[in-house]
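**Q**
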Amino acid sequence: MSDFSRILNEKQLEAVTWMDGPVLILAGAGSGKTRVITYRIAHLLKKGISQSEILAVTFTNKAAREMAQRIKALVPKKLARLTISTFHSLGAKILREKAAILGYRPNMSIYDAQDQASLVKETGRELGLKGEALDVAEATRVISLIKNGRTEWSGENRHFRTLYEEYQKNLKLYNAVDFDDLIVLTVTLLKESSETRAEYNARFRFVLVDEFQDTSSNQYDMMRLLVGNENNVCVVGDDDQSIYSWRGASFENILRFEKDFPGAREIKLEQNYRSTGTILKAANALISRNSNRKPKQLWTGLPSGELIEVFSAENELEEAEFIASKIRTLMIRDSLHFQDFGVLLRANHLTRALEETFRKENIPYAVSGGMSFFERQEVRDMLAYLKLIANHDDDTSFLRIVNTPRRGIGRKLLEHISLHAAEHHCSLFSALSALAAAPQKDPAADEKTGANAAETLGEFADLIGKFRTRLVGGKKLAQGVRELVEGIDYWGHLLSENRDAKDKDVVKWKFGNVESLIGSLADFEEDPENERPSLFDYLSRVTLASRDDLDDKEEEGRVSVMTIHSAKGLEFPVVFIAAVEQDIIPHARSVEEAEASLEEERRLFYVALTRAERRLYLSWCSSRRRMGKPSESFPSPFLEELPADCLEMHAPEEDFTPDFAAAWKKIAKE
């Protein structure tokens, strides 16, 4: 660590050590971006900057963890006061600390996509919108666009306006925020409370932002408000890899940065450590066609390597068989492993033929975007218990678990509780507690509830109250949750709900997921980086967890099949880009829209090309099934933008020899 010049190249070293004001680091694909930002933080610490004064922001929890691990390897001491966070996690932390200023309580719930959809449905029902009268997905999309200022009320969406307003009221009533609020409300807070802004400016004197090209307008505003008058800000990104405009990202934030921080130092990282010269030559030629970009020319000290192989298949089945055959050949010939291969596609619906072929050929694979651990029903049940224990006003969690396991709280009783809540402007749990206590205070107070029903409601209220005392502000959280699982007999609930299962394996698997959740809570408590682990902190962490947080071990020993968007930030020795066809990449819609859309599609293909380290294969079909019927296809126009001297057409493979077949049989068996 004492001599970075032996580890970093000249431009990387400049990016790490430049401290004279704001700096914009344009880091090309494979140029060591993560190394630079981690070494820069290590350099700050070496210069005597306090951990608590440094804020590093990135886009996924996985990236934040990896960054923290790399810094720990460079700085051999505890880093409990160093803040490395995603934008959303940082927003959650700030909102909890300053909830009262915006009229919230610190125990607010954070609604994920499923919670949000449930609340939209519930709000729609309150407004008399049912069934086909309410498109939940479209309503949720419009709510997000309005919140983020990406659209305005118009003739096309104004029928959602009342729903939007009532949805916002319900969120506030339930002391809850959705994902968009984590950024939007934080920006509002920092803008409207100069005292709060000054506090965070003083706390975070040095701000670093990774993947800057992926920031949205609101995330940029959040960053700008967090940076104090000292302007100690460093942003790292690559406009050529900006591929998320559909979720609000804007590479034009680079231009905003230059305007807001005049005289900022611009440093370009153009030496690529990942790919061969041939792959980079093709990628450079492609991206140079875009006019709206900062000029960069990636180069490498690595050999030119193999030409990029192009395969023209008759249909998607032949394309999949080509990919499977190449994987077999390269594994045997070059001693590669399954995890050395990545198969990239423009969209997930294109994986069917690949998956069928891989199963037939005994090629283990993992498709990105599978169900997250935290989306599994049994896990969501237990998290709903914890959310209601933490926040009694969380009606969405209440409705999920009030009858899980079944307690005899039927529809009529729930309607009675809902009516009481509406009349008294309180949460459902508060209404339940009041109805449970009413017969005790006055036997004639509430005839509809009845003594038996009141007893049932009281038992549920007592259960939640008991575990609130046990878990909120307490220690041994994992043990407390285990007691909760046993107390509600969740095992018995799973048995009763899965009676049709042929054996108990399904129930064991589901209960194993609950055990894994408890294990995750134990790990959270035992993590030395968590000085005061609390139930609120844990719920924030898991609610913000996304599919990028799945255990990397799930990918070991498997070919990775994923969309190009999912592949960003990854690399593989061998990459196949399938379905490189007109109307797929570039997407048909982008051709019809503005030039900016076509340029983003080109950036997307550029990202795909630069995932490859040693070998790259491109394939397309002359016929592909669409809507269940074969349809004529044509190669992508992007293929014509690649230099001819970088490409070669696929030549038929030699037939399998007995020795080759035996070698593959051995690999497949292993």
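Quick note: the sequence shown uses my numbering, first residue 1, plus one each step. Even glycine gets a Cβ: it sits at the ideal position worked out from N, Cα and C.
1. Along the chain, which unbroken stretches of the alpha helix (DSSP H) at least 4 residues long are found entirely within the segment 257-309?
2. Quick check on DSSP: helix, strand or coil for V696?
3. With a threshold of 8 Å, are at least 3 pairs of Cβ atoms found where one atom belongs to the segment 171-184 and the other to the segment 106-113?
4. What whole-angstrom Cβ distance do R602 and L570 have, given they're in contact under 8 Å?
5. Can you tell which of G487, Q582 and R615 has the C-alpha that lies nearest to the C-alpha of E640?
6. In or out: P586 buried (at least 16 other Cβ within 10 Å) or exposed?
7. Kindly indicate which three-state DSSP category Y200 falls into: helix, strand or coil?
8. Let me know the secondary structure DSSP gives R614 once reduced to three states.
9. For the 8 Å Cβ check, are there 3 or more pairs between the segment 332-347 and the segment 554-566?
10. Helix, strand or coil for F251, going by three-state DSSP, please let me know.
11. Residues in its own chain within less than 8 Å of V184 by CB, not counting five upstream and five downstream?
12. Pairs of beta-carbons, one from the segment 233-246 and one from the segment 205-225, closer than 8 Å: are there three or more?
13. In angstroms with no decimal places, state the Cα-to-Cα distance between V16 and L286.
14. Note the first and the last residue of the continuous beta strand (DSSP E) segment covering A176.
15. Going by beta carbon distance, what residues of the same chain come within less than 8 Å of L13, once the five residues before and after it are set aside?
16. Count the other C-beta atoms from every protein chain shown that fall within 10 angstroms of the C-beta of S85, then say buried if there are 16 or more, exposed otherwise.
17. Go to Y365, then tell me how far its beta strand (DSSP E) extends in each direction, as first and last residue.
18. Could you give the distance in angstroms between the alpha-carbon of D340 and the alpha-carbon of R359?
19. Going by alpha carbons, who is nearest to E361 out of F322, R205 and R380?
20. From what residue to what residue does the alpha helix (DSSP H) around F634 run?
21. Taking one C-beta from the segment 259-278 and one from the segment 294-304 each time, how about it: are there three or more such pairs within less than 8 Å?
22. From N452 to A461, what distance separates their C-alpha atoms?
23. Over what stretch of residues does the beta strand (DSSP E) that includes S109 continue unbroken?
24. Ordered along the chain, which non-local residues of its own chain (more than five positions away) have a Cβ less than 6 Å from that of S144?
25. Quick one: grab the DSSP three-state call for S418.
26. Counting pairs of beta carbons, one from the segment 253-272 and one from the segment 16-27, are three or more of them closer than 8 Å?
27. Using three-state DSSP, classify W18 as helix, strand or coil.
28. What are the boundary residues of the alpha helix (DSSP H) that F160 is part of?
29. Given this structure, state the Cα-to-Cα distance separating P364 from R328, to the nearest angstrom.
30. Report the three-state DSSP secondary structure of V514 (helix, strand or coil).
31. Quick check on DSSP: helix, strand or coil for D551?
32. Please classify A651 as buried or exposed, where buried requires at least 16 neighbouring CB atoms within 10 angstroms.
33. With a Cβ-Cβ cutoff of 8 Å, do L208 and I332 count as a contact?
34. Taking C-beta to C-beta, are T151 and V120 nearer than 8 Å?
35. May I ask you to verify whether the segment 509-519 touches the segment 376-385, counting CB pairs closer than 8 Å and requiring at least 3?
36. With E673 and A80 assumed to form a contact (beta carbons below 8 Å), what rounded beta-carbon distance in angstroms separates them?
**A** Put simply:
1. 277-287
2. This structure gives no information on residue 696, because the portion of the chain shown stretches from 1 to 670.
3. Because the criterion of three Cβ pairs below 8 Å is met, the segment 171-184 and the segment 106-113 touch.
4. With a Cβ gap of about 20 Å, R602 and L570 do not count as contacting.
5. Q582
6. buried
7. helix
8. strand
9. yes
10. coil
11. K147, N148 and N218
12. yes
13. If I take the Cα positions, the gap works out to 30 Å.
14. Per DSSP, A176 belongs to the beta strand (DSSP E) from A176 to D178.
15. Sequence-distant partners of L13 (beyond 5 residues in either direction) whose C-beta falls short of 8 Å from its own C-beta, in its chain, are F4 and S5.
16. Label assigned to S85: buried.
17. Y365 to V367
18. 18 Å
19. F322
20. Counting along the chain, F634 falls outside any alpha helix (DSSP H), and DSSP gives it neither H nor E.
21. yes
22. 14 Å
23. S109 to Y111
24. The residues D180, in chain order, have a CB closer than 6 Å to that of S144 in the same chain once the five nearest residues on each side in sequence are set aside.
25. helix
26. Touching, yes, given that three or more Cβ pairs across the two stretches are closer than 8 Å.
27. Looking at W18 - three-state DSSP - the assignment turns out to be coil, as it is neither helix nor strand.
28. Here F160 belongs to no alpha helix (DSSP H), and DSSP marks it neither H nor E.
29. 12 Å
30. helix
31. Low local confidence applies: a pLDDT of 48 at D551 is under 50, so the model's placement there is unreliable, and no value is given.
32. Exposed.
33. By the CB criterion at 8 Å, L208 and I332 fall outside the cutoff.
34. no
35. As far as the Cβ criterion goes, the segment 509-519 touches the segment 376-385, which means the pair count is three or higher.
36. Given a span of 1 to 670 for the chain in the structure shown, any question on residue 673 remains unanswerable.
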